[in-house]
Amino acid sequence: MESVVKAEPTDLLSNPDMVVFARQMRAEFARFMLGYEFAVDEVLTKVSILRREFLHLRQYNPIEHVSSRVKTPESILDKAKRKGCEPSLDSIREQLTDIAGVRITCSFIADTYAVLDALTSQDDIRVLEVKDYIANPKPNGYKSLHAIIEIPVFLSTGAVPVAVEVQIRTIAMDFWASLEHKIFYKYQGAVPDNLVADLAAAADAADSLDRRMEQLHAEVHGTDDDTEEVESHPDINDAIMRRLWEFTRGEDSN
Ligand code: 0O2
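Note that the working numbering has the sequence shown beginning at 104, numbered continuously upward.
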């Protein structure tokens, strides 16, 4: 990855124009970064609520693991330069939609679509783009669901919409992608042909595993249609149900 030339503090002090620029931009860039950190927090809260709701409603958790990151300022500037962005934070905000990222790892393929649907159908989320690399894998075998969503972040000055890239995939897809990523960086993009072929074969194996695991799961637990929806809560016991029964009939003596 190309890196930008870093200004040392001494450079800043020796250039009065840069001192003025840095004084203005430091706070603006910090606020820019904070917006993405808050947006990630908002998405993580939504994912956590979905996870708990799924668990209560279906007594089944489709989300195995969640991780998140906000690109570093250096990596943002590198990518902005690569993409030929205008030199302004507004332009970077508009063109770089993956500054904030949340990755959700699910148990099964069907879960990835269910989670994407549950998240993107929420009223305060605007979907900017969805890429289905599960139905249409990349030539190297990469699979994942990608959604660029815009979520409002409520600051003291009002609500600001912030873009977050959400990647949703199965454990097998995630395993493959993380190994491929390491290989890609080790060879700086020029992966030898034999490894490219091996990775493609491994992607097929991961796909077969996903499908077999999903079949097995369906055999053991039945399909969604067979799942009895039983919501439970540790504090809602028979005594509470009796009180509720009496209360709804005007007989509650407590
Ligand atoms: P990182 O370090 O994970 O952030 P873009 O590159 O975003 O401008 P593109 O290529 O259309 O545009 O985006 P896409 O296809 O939605 O991919 C964006 C992200 O998906 C990547 O981010 C990776 O995280 C992941 N990804 C896409 N293709 C592959 C792949 O072939 N292998 C692996 N392992 N991951 C992939 P970054 O910024 O490249 O990396």
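Beta carbons: idealized from backbone N, C-alpha and C, even for Gly. Please read these numbers as outputs of a predicted model, since none were measured by experiment.
Within the region 243-322, the complete beta strand (DSSP E) runs of at least 3 residues fall at 248-258 and 261-273. Here DSSP, grouped into helix, strand and coil, assigns Glu354 to coil. Here the alpha carbons of Trp348 and Gly138 stand approximately 48 angstroms from one another.
Rounded to the nearest whole angstrom, the CA to CA distance from Thr273 to Lys186 is 30 angstroms. The continuous beta strand (DSSP E) containing Asp235 extends over residues Arg229 to Asp235. Between the region 275-295 and the region 334-345 there are fewer than three C-beta pairs closer than 8 angstroms, too few to call the two in contact. If you draw a straight line from the Cα of Arg155 to the Cα of Ala221, it comes to about 13 angstroms.
The shortest CA-to-CA distance from His324 to any of Met136, Tyr216 and Asn164 is the one to Asn164. Contact annotation, Met316 with Phe157: C-beta distance approximately 18 angstroms; criterion of less than 8 angstroms not satisfied. Put simply, the backbone Cα of Ile166 is about 15 angstroms away from that of His320. In the structure shown, Ile207 falls within a strand segment according to DSSP collapsed to helix, strand and coil. Within the same chain, no residue comes within 7 angstroms of Ala130 by CB-CB distance, once the 5 residues on both sides are set aside.
Within the same chain, and ignoring the five residues on either side of Leu231 in sequence, the residues whose Cβ sits closer than 7 angstroms to its Cβ are Thr200, Ile251, Ile252, Glu253 and Ala266. Not one heavy atom of the ligand 0O2 sits closer than 7 angstroms to the Cβ of Gly292.
Gly204 and Ser356 have their C-alpha atoms roughly 53 angstroms apart. Checking the DSSP bridge columns, you'll see Ser170 partnered with Arg206. Rounded to whole angstroms, the gap between the alpha carbons of Phe287 and Pro295 is 10 angstroms. Excluding sequence positions up to five before and after Arg346, its CB lies within less than 7 angstroms of the CB of Asp355 and Asn357, all in the same chain and listed in chain order.
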